[in-house]
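Okay, structure first, notes after.
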Amino acid sequence: MSEHYFSSSPSAARAPRTVRLALRDVQVGLATDTGVFSPAAIDAGTLVLLETVPSPPAAGDLLDLGCGYGPITVALAHRAPGATVWGVDVNERARELARANTASLPNVRIEGPDGVPADTGFAAIWSNPPIKVGKGVLHEMMRRWLPRLAPGGVAYLVVQRHLGADSLHRWLEAEGFPTERLASRKGYRILAVRGNE
Ligand SMILES: C[S@@+](CC[C@H](N)C(=O)[O-])C[C@H]1O[C@@H](n2cnc3c(N)ncnc32)[C@H](O)[C@@H]1O
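Following this line, the structure appears as structure tokens:
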């Protein structure tokens, strides 16, 4: 039976492999497997996010919401070695891979959604959110995590134009999350959502 990458406990037979994250500033091999998002190569939207968004805050807590096997978490941890980077995912196989891929990075914590202390506020959120979970779950995720942006913090979301980037943009505005389109590249939008000033 086919399985979604956002299953909490994927059962697909393992097929471990390594993919290359090759950015201007970070070049590293990452372990991937079946049952997680984009196991054969770094996702094109993730690359657009990592090549477009300005440098993260140097300190504080940073969140990669829906970290998968960890490409965004790894880039954040390299770019902000003085910050604590939280990689959060519901998929336990993804968390296991993300832990392995960040084992040498002392400033990373990989957790399920309930593993982040409730009083942790985020100086920035970077996310390639799980659009295919459906609007109900996606909107719940936004309502749960965006209010946890620290004052002045920004959440950067990459969403494929054809998978509803503009409708998510409108929904965020309607919910009272001030949002602008930071960039539009290769069929992806980068949405920048402002926290409270
Ligand atoms: C589009 S993938 C991005 C993965 C990774 N950040 C990357 O760039 O390759 C979205 C991720 O969100 C995770 N996810 C789905 N529902 C979630 C939820 N409610 N809370 C946290 N993560 C969730 C999925 O398991 C998946 O790994």
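Counting in our numbering, the sequence shown runs from 613 upward without gaps. Beta carbons: idealized from backbone N, C-alpha and C, even for Gly.
Judged by DSSP secondary structure, Glu723 falls outside any alpha helix (DSSP H) and instead within the beta strand (DSSP E) spanning Val720 to Glu723. Thr696 has its Cβ no nearer than 7 Å to any heavy atom of ligand 1.
Ala712 and Arg626 have their C-alpha atoms spaced approximately 16 Å apart. The three-state reading of DSSP puts Glu792 in strand, counting E and B together. Under the rule that a run must span 4 or more residues, the alpha helix (DSSP H) segments found entirely inside the region 644-726 read 656-664, 683-691 and 704-713. Per DSSP, reduced to three states, the secondary structure at Gly746 is coil, with no helix or strand assignment. No Cβ-Cβ contact shorter than 8 Å links Gly733 with Val720. In the DSSP assignment, Leu635 falls outside any alpha helix (DSSP H), carrying neither H nor E.
The beta carbons of Gly776 and Ile743 sit about 6 Å from each other, so the pair counts as a contact at 8 Å.
Of the other Cβ atoms in all chains shown, fewer than 16 fall within 10 Å of the Cβ of Arg793; this residue is therefore exposed.
Assignment of Pro763 by DSSP, reduced to helix, strand and coil, places it in the strand class.
A straight-line Cα-Cα distance of about 8 Å links His616 and Phe649. In this structure, Tyr768 has its beta carbon at no less than 7 Å from each heavy atom of ligand 1. Under the three-pair Cβ rule at 8 Å, the region 641-660 counts as touching the region 762-775. Ser619 carries a coil assignment under DSSP once its states are collapsed to helix, strand and coil. Assignment of Arg773 by DSSP, reduced to helix, strand and coil, places it in the helix class.
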